[in-house]
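Following numbering that gives the first Met the number 0, the numbering of the sequence shown begins with 0 at its first residue and continues without gaps.
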Amino acid sequence: MAVMIKEPEVSERFDLDDIRKIREYNAARYEHMTPAEIVADTKAGAADLLEAMKKRKPMKA
0 MAVMIKEPEV SERFDLDDIR KIREYNAARY EHMTPAEIVA DTKAGAADLL EAMKKRKPMK
60 A
């Protein structure tokens, strides 16, 4: 039986807790994928992430 994996909710700050949520989400998604499928999926998602990061305003320290 396939388990539905809910996408993690990421905060506006994008802190270490958000990174942990994303890593756990990806680990569950990649459990039954081959290494080649994981790399292809990562490359496909990287373009979207980089574009979103460029649009975000930098945080003040």
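Glycine included, C-beta positions come from ideal geometry on N, C-alpha and C. Please read these numbers as outputs of a predicted model, since none were measured by experiment.
Is it true that the CB of residue j sits closer than 8 Å to the CB of residue i?
i: tyrosine 29; j: isoleucine 4; result: no
i: isoleucine 21; j: proline 7; result: yes
Which whole runs of the alpha helix (DSSP H) in the segment 9-55 are 4 residues long or more, in chain order?
15-29, 34-54
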